[in-house]
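Here's the structure we're looking at; comments come further down.
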Amino acid sequence: MKLNERSLAFYATCDSPTDNAGFLYKRGERHTAYHRRWFVLKGNMLFYFEERESREPVGVIVLEGCTVELCDSAEEFAFSIRFGGTKSRTYVLAAESQAAMESWVKSLSRASFDYMRLVVRELEKQLEEMRWGPASGCGGCQQSPGSWKPKPSGPERCPERLPALPAVLPKENGCAVWNNAQGADQPPNTSSCGGHDSEGNPRPPPVPPRRRASSSEAGSAGAAVAESPSTFCRLHERYGQEVARLQQDWLERRRGLQ
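All the letters of the sequence shown, read from the start, carry residue numbers 0 to 257 under numbering that gives the first Met the number 0.
Written as structure tokens, this is what we have:
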């Protein structure tokens, strides 16, 4: 593994957050004497300096493929960083107190990417169990996250189709007759009581239906219109009397309900 010394020195002394920092006693590789060094843990890299104010680290330990464990040593509160392999070096360190030793062992044990990978996998597993429930709860009917689709809360309803109006509306006396549209021949809604609507208010009198003249009546009416200009006045008077009669019936029904 190749490391750039300038990059490591800058990373060790920059203002980036540290996972742990403090004085530890480090046993030498050739001599068994312990030297007091300032240690800084950043990610999976453990830097150590001669003094706390030193500008460059003396060395760095990459915490990958290693185990942190307590060890027997002349120094109290000692622990070791042991790497796999026959020719790998074992670093022996000692803290100044029991609390400091436990803190360093815990932080060093969690510094490797292998540990972080295991934590991420465990968190992903717990998240999946929270989302989809335990695998034993539903057996083989559990759906994968990719195949999940939201289901409607209520019963499925087909979209209602409105009756289509005719393309060309029939006309009577030059005016469109809407009663010829589809559904106009259906009886009116009589679910409400008497002459009142759903809110209890009296209904207005119904509009009299439009009368259609037969072919013979239409011919005679046309002749009458051509012969006498007062035909419209007679028709207006006849329909006016019918409207007045219907209005009078409606008023009498209203008085009877009151």
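Yeah, the Cβ is synthetic: ideal placement off N, Cα and C, and Gly gets one too.
Here the structure is a predicted model, which means the values were calculated and not measured.
Under a three-way DSSP split, which group does residue i fall into?
i: residue 250; result: helix
i: residue 235; result: helix
i: residue 244; result: helix
i: residue 86; result: coil
i: residue 17; result: coil
i: residue 62; result: coil
i: residue 187; result: Reliability fails at residue 187, whose pLDDT of 49 lies under 50, so the model's placement of it is uncertain and the value that follows must be treated cautiously. Reduced to three states, the DSSP call for residue 187 is coil.
i: residue 68; result: strand
Following the continuous alpha helix (DSSP H) through residue i, name the residue where it begins and the one where it ends.
i: residue 53; result: It is not in any alpha helix (DSSP H) - residue 53 carries neither H nor E in the DSSP assignment.
i: residue 28; result: Segment: none, residue 28 is in no alpha helix (DSSP H) and carries neither H nor E.
i: residue 4; result: 4 to 12
i: residue 108; result: 97 to 108
i: residue 74; result: Unbroken run through residue 74: none, as it is neither H nor E.
For residue i, collect the residues of the same chain with a Cβ closer than 8 Å to its Cβ; drop the 5 residues on either side in sequence, then sort them by chain order.
i: residue 47; result: 23, 25, 36, 37, 38, 39, 56, 57, 58, 59 and 60
i: residue 106; result: 18, 19 and 40
i: residue 49; result: 36, 37 and 57
Judging by CA-CA distance, which residue of the options is the nearest neighbour of residue i?
i: residue 63; options: 82, 72, 73 and 77; result: 82
i: residue 109; options: 18, 3, 243 and 127; result: 18
i: residue 101; options: 43, 75 and 241; result: 75
i: residue 88; options: 14, 70, 65 and 103; result: 65
i: residue 45; options: 104, 28 and 86; result: 104
i: residue 97; options: 86, 84, 91 and 77; result: 77
i: residue 31; options: 8, 9, 90 and 3; result: 90
Taking the beta strand (DSSP E) that residue i falls in, what are its first and last residues?
i: residue 82; result: 77 to 82
i: residue 93; result: 89 to 93
i: residue 41; result: 33 to 41
What does a CB cutoff of less than 7 Å around residue i pick up in its chain, not counting 5 residues either side in sequence?
i: residue 12; result: 54
i: residue 51; result: 37
i: residue 132; result: none
i: residue 43; result: 61, 62, 63, 110, 111 and 112
i: residue 115; result: none
Residue i and residue j: beta carbons closer than 9 Å?
i: residue 68; j: residue 79; result: yes
i: residue 93; j: residue 72; result: yes
Tell me which same chain residues have a C-beta within less than 6 Å of the C-beta of residue i, skipping the five on either side of it?
i: residue 33; result: 24, 26 and 74
i: residue 192; result: Legend: pLDDT at residue 192 = 46, less than 50; position of this residue unreliable, no value from coordinates given.
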